[in-house]
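The opening residue of the sequence shown carries number 3 in the working numbering; numbering runs sequentially from there. Beta carbons: idealized from backbone N, C-alpha and C, even for Gly. Comments concern the structure below.
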Amino acid sequence: MKITVFGSGYVGLVTGACLAEVGNKVMCVDVDPAKIDLLNSGSVPIYEPGLSDMVKRNHEAGRLMFTTDAQKGVDFGKVQFIAVGTPPDEDGSADLQYVLAVAESIAEHMTAFKVVVDKSTVPVGTGDKVTARIRETLAKRGVDIDFDVVSNPEFLKEGAAIGDFMKPDRIVVGTENPRSIEVMRELYAPFNRNHERVLFMDIRSAELTKYAANAMLATKISFMNELSNLAEILDADIEKVRIGIGSDPRIGFQFIYPGCGYGGSCFPKDVQALEKTALGVGYEPELLHAVETVNNRQKELLFSKISRYFDGDLAGRTIALWGLAFKPNTDDMRAASSRTLMESLWDAGARVKAFDPIAHEEARRIYGERKELEICANTSDTLEGADVLAVVTEWIEFRSPDFEEIKEKLTHPAVFDGRNIYDPKAVTNAGLTLYSIGRRPCHPA
């Protein structure tokens, strides 16, 4: 098939590369000439395991093309994916200006039937708005061309997006048009050979499914974080509680890990957008409010523990920080817990020496050069001259550190584990005190 993807960001690039990987001809369109030049040169502007090789391989094979020419893109594909950003507006609702701009651009240039696919995460009712914008634009041109708008939300986990696309749990498609159903069935046939994964439904249900999935996962995280705070007060161990409840197959172990809050480009934005959607139709989403409130509070927890350790006097202190990305296997720092912690530490007069295997350049892009932030080349360098250590991202290389080295280099023998990745005995045996989530501090014997 010939496919056009508008937007060469995270979702658009993964979608385009994976569709090309199975033999389709894909043209990615983006308004940013620098990004298109970079992609045409064989480089990828984002970090995602396996993506760079896949893009390069399919680009060299002629199956994956990049352009800034919207007309060229519209002419190219029968299927037109909209995969542009929907950043939160000032009130937290999703900003649809880029989605609707692409819809208008498609309508300005189309000369034959197109299936327009909303891949971006959009509020319920966006399909109606895209349809209306295309119709309005076609009417201004004085032409009557058939088209259909389909919702096809993405369910890609950063750090595992290639696997998620190539071997999906489910493929949600919102359309009731028989012609579009056949097109989408053909499009996803290569990803659907083992068993039926395509779930056809109406557009509004498909749009809500995406928000509902992310809100459900965010709810599980906030619920566990709420429990972790209670467990610490009650002198219980949240890790033992986690295993106790996760053993129930109705609950399971996924997304019940306590920590210092969720971040990234999806959960915070999508929970807020779903709240705004509910409020917009006169419904008070009390649980969604609570999920967001608990998460915002949880992001402040590590700072509170560190501040309490120093009796509220952090001026002149240096904190070693392991992890900047909001999760492992990505360089994404959007709404990351590391940012909340660092900014609170700076406001209190402390310095930060940070290391992240991938997100160091993103940190420099966000914060620039500043005296209170030193980006280090490795974990060991962060410890030099540092008072205590805080861990906020559970990168695998942080899992089994040399606790003796940590004890030797820190001026104060304390580790603040924001993801509960350390065994208290291993830490305390090295003479360190462990402050974690959902359990009392663990001191050396």
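| message | Quick check on the DSSP output: the beta strand (DSSP E) that includes F357 runs from which residue to which? | response | Element bounds for F357: 353-357.
| field | DSSP three-state assignment for T139, whether helix, strand or coil | value | helix
| query | Can the beta-carbon of G263 be found less than 8 Å from the beta-carbon of K212? | reply | no
| said: In whole angstroms, give me the CA-to-CA distance for M112 and V296. | reply: 47 Å
| request: Can you tell me which of F149, P89, I253 puts its alpha carbon nearest to the alpha carbon of P180? | output: F149
| task | Work out the CA separation of N194 and G9 for me, nearest whole Å. | result | Between G9 and N194, the alpha-carbon positions lie close to 25 Å from each other.
| Mind checking I434: buried by the 16 CB within 10 Å criterion, or exposed? | Note on residue identity: the sequence assigns Leu, not Ile, to residue 434. The residue is buried, with at least 16 neighbouring Cβ atoms inside 10 Å.
| task | Let me know the secondary structure DSSP gives C20 once reduced to three states. | result | helix
| request: Note down the Cα distance separating V57 from L66, rounded to an integer number of angstroms. | output: 7 Å
| field | Span of the beta strand (DSSP E), counted from its first residue to its last, around Q82 | value | 81-84
| said: With the cut-off set at 8 Å, would you say L102 and R137 are in Cβ contact? | reply: no
| field | Those residues which DSSP pairs with I321 across a bridge | value | V354, V390
| query | In this structure, what does DSSP give as the bridge partners for M203? | reply | G176
| task | Could you tell me which residues DSSP pairs with D120 in its beta bridges? | result | I84, S153
| said: Using DSSP's beta-bridge definition, name the partner residues of F8. | reply: DSSP lists V31, I84 as partners of F8.
| field | DSSP state of V145 mapped onto helix, strand, coil | value | Coil, per DSSP.
| message | Does M112 come out as helix, strand or coil in the three-state DSSP assignment? | response | M112 falls in the coil class under three-state DSSP.
| said: For A416, list the residues DSSP reports as bridge partners. | reply: T435
| Option nearest A72 by Cα separation, candidates P443, P35, V46 | P35
| request: Tell me where the beta strand (DSSP E) around E376 begins and ends. | output: 375-377 is the extent of the beta strand (DSSP E) around E376.
| query | Whose C-alpha, out of S95, A96, V118, D97, is nearest the C-alpha of E106? | reply | V118
| task | Could you check the C-alpha separation between E286 and D55 for me, to the nearest Å? | result | 46 Å
| P260 versus R421: straight-line alpha-carbon distance, rounded | 7 Å
| task | Return the CA-CA distance between G475 and V174, expressed in angstroms with no decimal places. | result | The first residue shown for the chain is 3 and the last is 447, placing residue 475 beyond what the model contains.
| query | Which value, in whole angstroms, describes the spacing of the CA atoms of N60 and E294? | reply | 40 Å
| request: Tell me whether T413 is buried or exposed, calling it buried when 16 or more other Cβ atoms sit within 10 Å of its Cβ. | output: exposed
| Closest to V86 by CA distance: which of K278, D97, R401, K355 is it? | In terms of Cα proximity to V86, the closest of K278, D97, R401, K355 is D97.
| Given that a residue counts as buried once 16 or more other Cβ atoms are within 10 Å of its Cβ, and exposed if not, what is G456? | Because the chain here runs from 3 to 447, residue 456 falls outside it and cannot be looked at.
| said: Is it buried or exposed, A365, if we count other Cβ atoms within 10 angstroms and call 16 or more buried? | reply: buried
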